[in-house]
Every structure is written in C-alpha cells, then in structure tokens.
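**Q**
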Amino acid sequence: MAGLSTRHLLGIKDLNRADIELIFETADTFKSVLNRPIKKVPSLRDVTIANIFFENSTRTRLSFELAEKRLSADVVNFAASSSSVSKGETLIDTVNNILAMKVDMVVMRHPYAGAGIFLSKHVKAQIVNAGDGAHEHPTQALLDAFSIREKYGDVAGKKVVIVGDILHSRVALSNILCLKQLGAEVMVCGPTTLIPKYIGSLGVKVEHNLIKALNWCDVANMLRIQLERQDIKYFPSLREYTMLFGLNKTILDSLDKEITVMHPGPINRGVEITSDVADSKQSIILDQVENGVAIRMAVLYLLAGQTP
Amino acid sequence: MQNLTLLDGQKFQITIQRLCRQLIENHDDFSQSVLIGIQPRGIYLAKRVAEELRKILPGKSILQGDLDITFYRDDFRRRESQLVPNQTKIDFIIEGKKVIMMDDVLWTGRTIRAAMDAMQAFGRPEKVELLALVDRRYSRHIPVSADYVGIEVDSIASQKVVVSWKDTDGEDKIVLVSEAAE
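This is the structure we're talking about:
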C-alpha cells in the first residue's frame, strides 16, 4: 500500500487528498485503540521523538506527547524558555545537538513562519510542524476536518465558516487548505483589518457580518484573537469585537438551522464565544481535543513507517 | 507462473466441517469460547467456521471477532511499503475465555506472535488455541504450532499459498502459486 507522499509534515500544502484520507483512515483505527482498556500499541518502540517547543502550548504539546507514548515511542521534551536558546544558540545547532543524542523525529512549534521547512532542509530527522508563526498548523487542521467528517460522515460539500483573527491565525490557513482539498466550501468572517487582502485567491468567500455567515454555514470554527501577535491595534476594543463577532446563545438559537460550533482552543470565554455556547450540545470542542490524539498518532505512525 | 490447486469444492467444505467437529470436541457448546480471525485474510475463515458451527449447533451463540495485528508487527520500519492498519472488531470480553485464533495460512509464525501481543489489549484469556486452514510446514521462524490444521503443505519460500472464499472471491479454493523458472 502506498504511504504518505511526504517525508515530513510541514504543512497541509504538502499533502494531497489521498494523503489526508490515508491519515483519516489510520486515525479511525487509532481512535478505536484509544477506546480500549489498554490504549497502547508497540509500533514505535524503536523510535525516539523530541518535542521542541519555542512557543507556549498546552493542548498541542500534551496531545503530541500522549500520541507518542500511546505508540510506545521514547519521548524527550524541550521548552525554549528553560534552554540554552536563551544563551544565544541557533536553531540548527540546538536541533543538531538534540539529534546527536540519536533522535529520529522532531515535533516543533516555533514563533517564526517557515521554521519547520528551514529545519527540514538542514537536519536529517523527520520534522512534524506543530505550528510555525502565523503560517501553518497542519495537525490542528487535520483534526478539525476529521471531527467534521465524524459528525457529518463526509467533509465534501459542507459549508464551514472560520470566524475571527484570520490574519494572525495558522489554524485558519491550514484549515482553509485542508477543507478545500477535501471539497468543502469555506468562508472567512471577521473585521476587515483581520482578513488578509488577497485571501480570496485561496478560493474562500469573505463576509463581515457574523449573522449572515452563520446562516450560510453548517459548521462555525471560532478562532481566538491572537493579541500576542498583534503589534498594532486592529480594532478599537475587545468589547466591540465581542459585540460584532462574538457568538452567544441568543444568536445561535436565532439561526434557521442547528449549526456545529468548533474552537481550536485556548478559548477566551466571553470574547469570541460565550460559556453557554462553548458548553452547549452543538459544540464539538472536546471531541476535537479527543480526535487530536488519534490524528497525531496516525501522522507519527505513517511518517515513522517510512524506512529510515 | 504455475498454479497448483491443493483443495477446492466439496473437499474444501469437508475440511471446514472436520475442523468444526474438532472444535466442538474441545469446546462443547462454545459458551466459554470465542473465535478470533486475524486480519486481513483470517477473518473470512473465522466467519465461515462460525457460520458452520451455528448450523451444527442451532440456538447456541457463537462469538466471533476480527483482530488487526498491524501495530504489533515486528517488521515496522523494516520494509519498503507502508503498513496500513485494518479494523479490529471484538465486541465481547475475552478475559477468562478460551480463544481460538484463526488464520488462513500459517507460515513463518510471526503473524501469530503479533496476534498474541495484540490480543492482550482485550484481557487475559484462560487458554489460546490456533486454527490454521493451511500449515506450510518446515518454514517457521519462531516456535509456533497450530492445534487444528486444515491441510499441511510442503513449499519453498518463493512459492505462495492463496486461499479464496466463496462469499468474497466467488470460489472456495487453496492454490499453491510458483513463479515460473527463469
């Protein structure tokens, strides 16, 4: 059987439709493994994986670490804040030092776009991008699309709106590429200042009115406002943003049909989404987190399966 | 390519029925026993045996599941082609039960080793037995032997044994396939 068409997972851009479907089918079997009393399989017992995080993370790091451990890989963790990076070591030096200790795969999150691609050209290990700046976050997009497929049976033909800070969001870009590849219709919605000018060239619709966008869609993916990436003020105040683009129960109940609500986390409750929406039965936010482990197991398994 | 048919038609059916009778000798009414077919090709054998047992023992419940061993194989990262998993479907508890594992062809024995590992995720069985429709003798890589055997075949490594099933392939047949001499 053919494997993935790529040696690294740097972005959704490198994956074709067959790759994504192979990942989903493999994730299905891992999901059933995760529902057994013994949730562990020995596949990656001779593989060592380094999780290198140059940026804060809770869900993604834990999810990758659990996925690695469920596959029986040996895991080392590295957080930039407590490392020699603060003493001036370069990225390649840091990673080569880690690889000298016989590491086979690197899972990396980095604040700069393209860090994973750069690294893949300079070191021997297989690289999995766990988020690079405002560029891509491939495993998040895969688990989002996988969750939509689980809910509706298929992604093709579904209408998905991504609401919020599209400009600074790696989740948005990866989601757009992944959903389009699978044949979904995609719309982005947010303040004009937070929608990139040429986003239409990716084949997505643009809408600035939340109610119109929600009435159009089957699924709404509500993104967080990435204040840490905003160097200037893009809108007058968070309060105004919430009034115009926040999703609350009143809006949700006023729609013609029952839509599904997603959020990649971390949630700023009361900003982009209110608590009663996040915890409602229309929300699949915790299913997304659960699926994250299965998707990451599938990605690591398929990459590691390529002969070294 | 040369094909030699080892078993087909009526004789194939008689072999399956003989295996069923042997199983009944040791497992009575199957209230404490379960059948597990190994993916991908052992599941057809397990389905067929379960079907025949239900005919012989009407009214008895015969539990049968599919076990995928992909994640437990010992050749991961050692082969060119990707190992893609199949579905595991075991809707019952095997803790304390007598398990009869089934595969169509027993060759090196490595699949069976992986299956024993994979099965542990579903509990500790009281006893495990192995049923193989075809036993390719003298080719084991590890010390495994079957408790119930359909037919024994002497073959060389370059040959292949292919089992087809009436329900899925249109015909019950066991064929020994040899590459033609250069």
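The listed protein sequences correspond, in order, to chains A and B.
Note that the first sequence covers residues 1 to 308 in UniProt numbering.
Note that the second sequence covers residues 1 to 182 in UniProt numbering.
We put the beta carbon where it would ideally sit given N, CA and C, even for glycine.
Roughly how many angstroms separate the alpha carbons of B:G59 and B:V34, rounded to a whole number?
**A** The residue given as residue 59 of chain B occupies position 59 in the second sequence. The residue given as residue 34 of chain B occupies position 34 in the second sequence. Computed Cα separation, rounded: 16 Å.
**Q** Kindly indicate the opening and closing residues of the alpha helix (DSSP H) around A:C189.
**A** If you number the first sequence from 1, residue 189 of chain A lands on position 189. Careful: A:C189 lies outside any alpha helix (DSSP H), inside the beta strand (DSSP E) at 185 to 189.
**Q** From the beta carbon of B:Y138, is the nearest beta carbon of chain A less than 8 Å away?
**A** To locate residue 138 of chain B, count along the second sequence from 1; it is residue 138. Chain A, which has no Cβ nearer than 8 Å to the Cβ of B:Y138, makes this no.
**Q** Should B:L19 and B:G109 be called a contact, given that it needs their Cβ atoms to be closer than 8 Å?
**A** Taking the second sequence and counting its residues from 1, one reaches residue 19 of chain B at position 19. Taking the second sequence and counting its residues from 1, one reaches residue 109 of chain B at position 109. For B:L19 and B:G109, no; Cβs fall outside 8 Å.
**Q** Which same chain residues end up closer than 8 Å to A:F245 when comparing Cβ atoms and leaving out the 5 residues on each side of it in sequence?
**A** For the purposes of this step, residue 245 of chain A is identified with residue 245 of the first sequence, where counting begins at 1. Within the same chain, A:F245 has close Cβ partners V163, G164, C189, G190, P191, L210, E272.
**Q** So that I know if they touch, is there some Cβ in chain B lying closer than 8 Å to that of A:S32?
**A** Walking along the first sequence from the start, residue 32 of chain A turns up at place 32. Answer yes: the Cβ-Cβ gap between A:S32 and chain B drops below 8 Å somewhere.
**Q** Under 8 Å by Cβ, that's how I've got A:A141 and A:V155 pegged, so tell me the actual separation to the nearest angstrom.
**A** For the purposes of this step, residue 141 of chain A is identified with residue 141 of the first sequence, where counting begins at 1. For the purposes of this step, residue 155 of chain A is identified with residue 155 of the first sequence, where counting begins at 1. Taking the Cβ atoms as the reference, A:A141 lies roughly 11 Å from A:V155, outside the contact range of under 8 Å.
**Q** Taking 8 Å as the CB-CB cut-off, is B:F12 touching chain A?
**A** To locate residue 12 of chain B, count along the second sequence from 1; it is residue 12. Answer no: the Cβ-Cβ gap between B:F12 and chain A never drops below 8 Å.
**Q** Put B:D8 into one of helix, strand or coil per three-state DSSP.
**A** Along the second sequence, one-based indexing puts residue 8 of chain B at 8. The answer is strand: DSSP assigns B:D8 an E or B state.
**Q** Using a C-beta cutoff of 8 Å, does B:R54 count as contacting chain A?
**A** For the purposes of this step, residue 54 of chain B is identified with residue 54 of the second sequence, where counting begins at 1. Chain A, which has no Cβ nearer than 8 Å to the Cβ of B:R54, makes this no.
**Q** Starting from B:V34, find everything on chain A with Cβ-Cβ shorter than 7 Å and list it in chain order.
**A** Within the second sequence, numbered from 1, the residue matching residue 34 of chain B stands at position 34. The contacting residues do not exist; B:V34 stays about 16 Å from chain A at best.
**Q** Residues in the stretch 117 to 129 of chain B with C-beta within 9 Å of chain A's C-beta atoms, listed in sequence order?
**A** D117, A118, Q120, A121, F122, G123
**Q** Near B:Q64, which residues of its chain fall below 6 Å by C-beta distance, leaving aside the five closest residues on each side in sequence?
**A** The residue labelled residue 64 of chain B in the question sits at position 64 within the second sequence. Around B:Q64: L35, A46, A50.
**Q** Would a C-beta distance cut-off of 8 Å place A:L44 and A:L66 closer than the cut-off?
**A** Numbered from 1 along the first sequence, position 44 holds the residue referred to as residue 44 of chain A. Numbered from 1 along the first sequence, position 66 holds the residue referred to as residue 66 of chain A. Not a contact, by the Cβ cut-off of 8 Å.
**Q** Quick check on the burial criterion: 16 or more other C-beta atoms within 10 angstroms. Buried or exposed for A:I259?
**A** Within the first sequence, numbered from 1, the residue matching residue 259 of chain A stands at position 259. A:I259 is buried by the Cβ-count criterion.
**Q** My output table needs one value for A:A50: the three-state DSSP class, helix, strand or coil.
**A** Here residue 50 of chain A is taken as the residue at index 50 of the first sequence, counted from 1. In the structure shown, A:A50 sits in a strand (DSSP, three-state: E or B).
**Q** In or out: A:P129 buried (at least 16 other Cβ within 10 Å) or exposed?
**A** Residue mapping note: residue 129 of chain A aligns to position 129 of the first sequence, counting from 1. Sequence check: residue 129 of chain A is Asn here, not Pro. The residue in question, A:N129, is buried, as its Cβ has 16 or more Cβ neighbours within 10 Å.
**Q** Do the CB positions of A:Q226 and A:S283 come within less than 8 Å of each other?
**A** Counted from its first residue, the first sequence places residue 226 of chain A at position 226. Counted from its first residue, the first sequence places residue 283 of chain A at position 283. Their beta carbons are not under 8 Å apart, which means A:Q226 does not touch A:S283 by this criterion.
**Q** How should A:E207 be labelled, buried or exposed, when 16 other C-beta atoms within 10 angstroms of its C-beta is the threshold for buried?
**A** Sequence index remark: in the first sequence, residue 207 of chain A carries index 207 (1-based). Around the beta carbon of A:E207, 16 or more other beta carbons lie within 10 angstroms, which makes this residue buried.
**Q** In the stretch 137 to 166 of chain B, which residue ranges form an unbroken beta strand (DSSP E) of at least 3 residues, counting only runs that do not cross its ends?
**A** 148 to 154, 160 to 164
**Q** Considering A:A100, what are the terminal residues of the alpha helix (DSSP H) in which it resides?
**A** Taking the first residue of the first sequence as position 1, residue 100 of chain A is located at position 100. That run of the alpha helix (DSSP H) goes 91 to 100.
**Q** Let me know the secondary structure DSSP gives B:E182 once reduced to three states.
**A** The sequence position of residue 182 of chain B within the second sequence is 182, counting from 1. Reliability fails at B:E182, whose pLDDT of 49 lies under 50, so the model's placement of it is uncertain and no value is given.
**Q** Helix, strand or coil for A:D28, going by three-state DSSP, please let me know.
**A** Stepping through the first sequence from its first residue, residue 28 of chain A is reached at position 28. The answer is helix: DSSP assigns A:D28 an H, G or I state.
**Q** Measuring only the C-alpha atoms, how far is B:E182 from B:I156?
**A** For this step, residue 182 of chain B is matched to residue 182 along the second sequence. For this step, residue 156 of chain B is matched to residue 156 along the second sequence. Confidence in B:E182 is poor, its pLDDT being 49 and thus under 50, which makes the residue's placement unreliable; the coordinate value appears in the next sentence. Using only the alpha carbons, I get a separation of about 16 Å.
**Q** Just to make sure I have the definition right: I need the residues of chain B whose C-beta is within less than 9 Å of the C-beta of A:T26. Which are they?
**A** Position 26 of the first sequence, counting from 1, holds the residue named residue 26 of chain A. By Cβ distance, chain B contributes V84, P85.
**Q** Would you say B:F71 faces chain A, with C-beta separation under 8 Å as the test?
**A** By one-based count along the second sequence, residue 71 of chain B stands at place 71. Yes, B:F71 counts as interfacial toward chain A.
**Q** For chain B, check one thing: does any of its Cβ atoms lie closer than 8 Å to the Cβ of A:T29?
**A** To locate residue 29 of chain A, count along the first sequence from 1; it is residue 29. Taking 8 Å as the CB threshold, A:T29 lines the interface with chain B.
**Q** Indicate whether A:L99 and A:A73 have their beta-carbon atoms separated by less than 8 Å.
**A** The count along the first sequence starts at 1 and reaches residue 99 of chain A at position 99. The count along the first sequence starts at 1 and reaches residue 73 of chain A at position 73. Inclusion of A:L99 and A:A73 in the CB contact set at 8 Å is not warranted, their separation being larger than that value.
**Q** Assign B:P143 to buried or exposed, taking buried as 16 or more other Cβ atoms, counted over all protein chains shown, within 10 Å of its Cβ.
**A** Residue mapping note: residue 143 of chain B aligns to position 143 of the second sequence, counting from 1. Counting Cβ neighbours within 10 Å, B:P143 comes out exposed, since fewer than 16 surround it.
**Q** Under three-state DSSP, which class holds A:N291?
**A** For this step, residue 291 of chain A is matched to residue 291 along the first sequence. Reduced to three states, the DSSP call for A:N291 is helix.
**Q** Can you find a C-beta in chain B that's less than 8 Å from the C-beta of A:R36?
**A** Indexing the first sequence from 1 puts residue 36 of chain A at position 36. Closer than 8 Å: yes.
**Q** Using beta carbons (cut-off 8 Å, strictly below), is B:T88 in contact with chain A?
**A** Mapped onto the second sequence, residue 88 of chain B falls at position 88. True, the Cβ-Cβ gap to chain A drops below 8 Å.
**Q** Taking the beta carbon of A:A2 as the centre, do at least 16 other beta carbons fall within 10 Å, making it buried, or is it exposed?
**A** Against the first sequence, residue 2 of chain A aligns to sequence position 2. Exposed is the call here.
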